[in-house]
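See below for the structure under consideration.
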Ligand code: DGY
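Residue numbers (the working numbering): 187 to 511.
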């Protein structure tokens, strides 16, 4: 009897086809989001669970894990929705899909950075509403990116890919990271390391969040730190909603105390704080950083490889250990 694999969301067709060929898999054909009850029953029954960011696999859910559950093969790189400690206590291996969505997430970061500094969505809204009257020497002025300072929080794969792109737009690259990156890479990216995040923030024209969501990065852009940003500066977040104190950000945006924000992620997804909808100085997207055909296919390939490797009795390459684990 082949181990039962339960997939919580609809995956790209080719991936599901291959899963059916290789495994005993239960798919989610109508792509509904699993309720808590469905998640509990899935972890109780499956040998391998393939969840996504939309499934909160917390300690309570994992209390219901059956003896068969040995692998959680996440479809996605971020694993902040999985209680890694509980998984480890139950000897459940967790894997993710790193590397294959780096370029797309970095592209999205740049899209938000360019879009908000050049007021793209505001301009489009004006045009579609029939409110554009004429070209004007003083109309719709934004901020030139070239020559400005961009501070990247989190210089892992995605942060580095953002730095490469931003460099091509003529910006100065600054970064804060748990550890300074090696000097060769630093030189290649022309990047300046700031040990003190507070000090970096006060000097930046754009601050971009590209770190994972962990206990250490929870609200790393706190009310106090957001308050350190310059009045003309912009915040970009393609990481996770909880790395920013969202209410405090909204207050600053409403007051015009910072120039704007480009956001792809939110504190309570899929519920977005309605106060954000009322603001002209935000460019908002519905968690689309990895939303390309190519990335979603490659993420599926990674899941296939992780599951197959595990079933064949080997240690999958994309095992997530988690901090302090
Ligand atoms: C990721 O892979 O972490 C993306 O944000 C989607 O989950």
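C-beta atoms are modelled at their ideal positions from N, C-alpha and C, and glycine is treated no differently.
When DSSP states are grouped into helix, strand and coil, residue 278 belongs to the coil group. Comparing alpha-carbon positions, the option among 467, 441, 442 and 436 lying closest to residue 452 turns out to be 436. Taken from the Cβ of residue 299, every heavy atom of the ligand DGY lies 8 Å or farther away. Remark: the shortest separation between the CB of residue 451 and any heavy atom of the ligand DGY falls under 8 Å.
The ligand DGY never approaches residue 280 closely enough for any of its heavy atoms to be under 8 Å from the residue's Cβ.
Contact annotation: residue 336 and residue 362 have beta-carbon atoms that are not nearer than 9 Å.
One Cα belongs to residue 224, the other to residue 432, and the distance between them is close to 30 Å.
Of the residues assessed, residue 356 falls on the exposed side of the cut-off, its CB having fewer than 16 other CB atoms within 10 angstroms. Residue 413 has its CB no nearer than 8 Å to any heavy atom of the ligand DGY. Excluding the 5 residues flanking it on each side, residue 229 has same chain C-beta neighbours closer than 8 Å at 235, 243, 247, 248, 250, 251, 252 and 255, in chain order. Residue 396 carries a coil assignment under DSSP once its states are collapsed to helix, strand and coil. In the three-state reduction of the DSSP assignment, residue 446 falls in the strand class. Counting the other CB atoms within 10 Å of its CB gives residue 455 a total below 16, which places it among the exposed residues.
With 16 or more other Cβ atoms from the protein chains shown falling within 10 Å of its own Cβ, residue 496 counts as buried.
Annotated three-state conformation of residue 228 is helix, per DSSP. Note: residue 413 is not bridge-paired with any residue in the DSSP secondary-structure output. Beta-bridge annotation (DSSP): residue 335 is paired with 358. A distance of 9 Å or more separates the beta carbons of residue 197 and residue 506.
Between residue 297 and residue 341, the C-beta gap is not smaller than 9 Å, which leaves the two residues out of contact. Contact between residue 283 and residue 261 is confirmed by a C-beta separation of about 6 Å, below the 8 Å threshold. In the DSSP assignment, residue 489 falls within the unbroken alpha helix (DSSP H) covering 479-497. By the neighbour-count criterion, in which 16 or more other beta carbons inside 10 Å mark a residue as buried, residue 365 falls on the exposed side. Between the ligand DGY and residue 197, a heavy atom-to-CB distance of less than 8 Å is absent. Taking residue 305 as the centre and dropping the five residues before and after it, the same chain places the C-beta of 326 and 328 closer than 6 Å to its C-beta, in chain order. If you look at residue 235, you'll find it in the beta strand (DSSP E) that goes 234-236. Between residue 422 and residue 392, the C-beta spacing is below 9 Å. In the three-state reduction of the DSSP assignment, residue 306 falls in the helix class. Per DSSP, residue 364 lies in no alpha helix (DSSP H) segment and is marked neither H nor E.
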